[in-house]
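First residue of the sequence shown: 1033, per the working numbering; consecutive thereafter.
The beta carbon of each residue, even a glycine, is placed where N, CA and C say it ideally should be.
Since the structure comes first, as structure tokens, the remarks are kept for the end.
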Amino acid sequence: MTIPSAPTSSDSSQGETPVLKKALTTPLLYFFILGDVLGAGVYVLVGQIAAKSGGAVWVPLLLALLLSLLTAASYAELATKYPRAGGASHYATLAYGPFTGFLAGYCMLAAGIVSVAALARGFAGDYLTTFVTLPVVLVAAVFLGALALLNARGISESTRANLVATLVEVGGLLLVAGLGVWLFLRGDGDPGRLTRLGTPGTGAAAGALGGTVLAYYSFVGFETSVNVAEETRDPRRSYPRALFGALVTAGAVYVLVGVVASAAVPTATLVHSSGPLLEVVKEAGGVPPKLFSAVALVAVANGALLTGIMSSRLAYGMARDGLLPRFLTRVLPGRRTPWASIATTTAVSFLLALTGDVATLASTLVLLLLVVFFIVNTAVLVQRRDRPARSHFRAYTAVPVLGAVSCVVLATQVEAEVWLRGLGVIAVGVVLGAVATVRRRRSAS
């Protein structure tokens, strides 16, 4: 299948799709990915991972990193082979046709919008109430509106804001790690908990696998970066370096935080806490809880900003491929950012933020992404038949195979009620995909 050449005109009214501005360097892309991965997940999930895996929280975190790297390699090959906005949707369209392309894009887009909605609710929760109590509707509206304006201002401005926020996020996690080490050195804590894998109701293997499903959520976010590959300078060199560097950095921080939290705080305390890392801060003392709450708010906001960028670029890419209404390809004349897709995805996220709780939204997100990741891993193998003249990153064949298998294994650990909810969302995508495919065929005939 031939790849449509990128349009060069900035005047969409003349029937040509405008091209996004190339503004991302390797360091900016690295911090983009790192900031998206180091989001709110690790701040709230350590306790839930401990409930599944026991005190050895670091084990599922490490396993989740390794599994993420498998799928990341598939993304690196496809993103450097086809550096276009649209990501998984574009890759699936090339490999399997427009219907599967729409379904992959729909699941990815739905996951992104759901994630932003969950983070909006998370921003309005306990961390914010440490400072002030406001209605969720008001907080969500102001929060999402501010992020949309920053997104529309430009990719450079958004990623520079992400750079600052990422440094704050990493600083907060390193603070937790440092406090945990200090707590242990002064004679508190129990390092013996680090070898206790599994719970009384599960064995070590089942505990590790169950915890890995939750830990996997902490690593998602790397996949959003393919949607800005088109806005990256020299993506064939920059993207793999930034992607793998950011994932390994995040993994190292996560494992360190997992070790410290488990050794410093009793497992039962972690399990029953909605802010498990805050328990480390309280146990160690010396740092005001409000300070750490502020850091957590920055982490939530940064994750929502970067996921919002992904969602808007994905909607833009799908519209350019004819899978969504053409309206979504409109860009600001001066800024060259996709304002129509930004406004639309923000509005849907706002509505979802008012109709679901964080736990429900997050669980559905994981399942949707596993569907997307399975499609992407298999698309790599299918697209090996296409050999473009330009060079690109290439993964060993076993890597996408193992990546696809890992998605199936993790999906078997998802609860039945989440499957029912997720299948409902996917069913809507199947119907919409069928309609989009029929319309596209008619317009092409």
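Under 7 Å Cβ to Cβ from V1252, same chain only, skipping five residues before and after it: list those, please.
Closer than 7 Å at Cβ, skipping near neighbours: L1401.
Could you pull out every residue in the same chain whose Cβ sits closer than 8 Å to the Cβ of R1426, ignoring the five residues on either side in sequence?
Closer than 8 Å at Cβ, skipping near neighbours: E1109.
Give me the Cα-Cα distance between A1468 and A1143, rounded to the nearest whole angstrom.
Going from the Cα of A1468 to the Cα of A1143 covers about 20 Å.
Measuring straight from C-alpha to C-alpha, what distance separates G1133 and A1295?
Computed Cα separation, rounded: 45 Å.
Alpha carbons only, please: which of T1281, G1154 and R1472 is nearest the one belonging to F1064?
Ranking the options by Cα distance to F1064, first place goes to T1281.
Where does the unbroken alpha helix (DSSP H) through Y1248 begin, and where does it stop?
It spans A1236 to F1251 - the alpha helix (DSSP H) in which Y1248 sits, taken as one unbroken run.
On a Cα-Cα basis, can you pick out the residue from T1376, L1102, E1311 and L1211 that is closest to P1357?
Selected option, being the one with the closest Cα: T1376.
Which residues in the same chain as T1378 place their Cβ atom closer than 6 Å to its Cβ, once the five residues preceding and following it in sequence are excluded?
Around T1378: L1176 and A1180.
Taking the alpha-carbon positions, what's the M1140 to A1430 distance?
So the two alpha carbons sit approximately 24 Å from each other.
T1112: which of Y1248, V1312, G1277 and V1258 sits nearest, CA to CA?
Checking every option, the nearest Cα to that of T1112 belongs to V1258.
Along the alpha helix (DSSP H) that carries F1064, what are the first and last residues, could you check?
Looking at the DSSP string, the run of the alpha helix (DSSP H) that includes F1064 is T1058 to V1069.
Here's the rule: buried if 16 or more other CB atoms are within 10 angstroms of the residue's CB, otherwise exposed. What is R1345?
Buried: at least 16 other Cβ atoms inside 10 Å.
Tell me the residue span of the alpha helix (DSSP H) that contains E1315.
Run containing E1315: P1308 to A1316, per the alpha helix (DSSP H) assignment.
By Cβ distance below 8 Å, which residues in the same chain neighbour S1393 in space, the five residues on each side in sequence not counted?
A small correction: the amino acid at residue 1393 is Leu; Ser does not occupy that position in the sequence shown. These residues qualify, in order along the chain: V1146, S1147, A1149, A1150, R1153 and L1384.
Quick one: what's got a C-beta closer than 6 Å to L1094's C-beta in the same chain, skipping five residues either side?
Result list for L1094: V1287, in chain order.
Rounded to the nearest angstrom, what separates F1382 and R1453 at their Cα positions?
One C-alpha to the other measures close to 20 Å.
On the CB-based measure, 16 or more other CB atoms within 10 Å of its CB, does K1322 come out buried or exposed?
With fewer than 16 other Cβ atoms within 10 Å, it is exposed.
Please report the straight-line C-alpha distance between V1292 and L1207, rounded to a whole angstrom.
The straight-line gap from Cα to Cα measures roughly 11 Å.
Given this structure, state the Cα-to-Cα distance separating T1057 from R1268, to the nearest angstrom.
Roughly 12 Å separates the two Cα atoms.
Just list the alpha helix (DSSP H) runs in the stretch 1321-1390, keeping only unbroken ones of 4 residues or longer that don't cross its boundaries, in chain order.
If we require 4 residues or more, the alpha helix (DSSP H) runs fully inside the stretch 1321-1390 come out as 1321-1352 and 1371-1385.
Measuring CB to CB, does H1122 end up less than 8 Å from D1353?
Yes, the pair counts as a contact, with Cβ atoms nearer than the cut-off.
With a threshold of 8 Å, are at least 3 pairs of Cβ atoms found where one atom belongs to the stretch 1302-1316 and the other to the stretch 1078-1092?
At 8 Å Cβ cutoff, the stretches touch.
Have a look at R1362, R1419 and L1338 and flag the residue whose alpha-carbon is nearest the alpha-carbon of R1192.
The residue with the shortest Cα to Cα distance from R1192 is L1338.
Just to confirm the assignment, what range does the alpha helix (DSSP H) spanning A1443 have?
That run of the alpha helix (DSSP H) goes A1430 to A1443.
Rounded to whole angstroms, what's the CA-CA distance from A1127 to L1160? Just pull it up for me.
Each residue's Cα considered, the two are about 45 Å apart.
By DSSP's criteria, L1229 is part of a beta bridge. Which residues make up the other side?
G1086.
DSSP three-state call for E1447: helix, strand or coil?
Correct three-state label for E1447: coil.
If you check the beta carbons only, do G1204 and A1328 fall under 8 Å apart?
Cβ distance < 8 Å, so G1204 and A1328 count as in contact.
Please check the pair S1085 and G1307, which I expect to be a contact at CB under 8 Å, by giving their CB distance rounded to whole angstroms.
That pair is no contact at about 19 Å.
Determine the contact status of L1434 and L1229, defining contact as a CB-CB distance below 8 Å.
No, they are not a contact pair.
Measure the alpha-carbon distance for R1417 versus V1213 and round it to whole angstroms.
Their backbone Cα atoms lie some 52 Å apart in a straight line.
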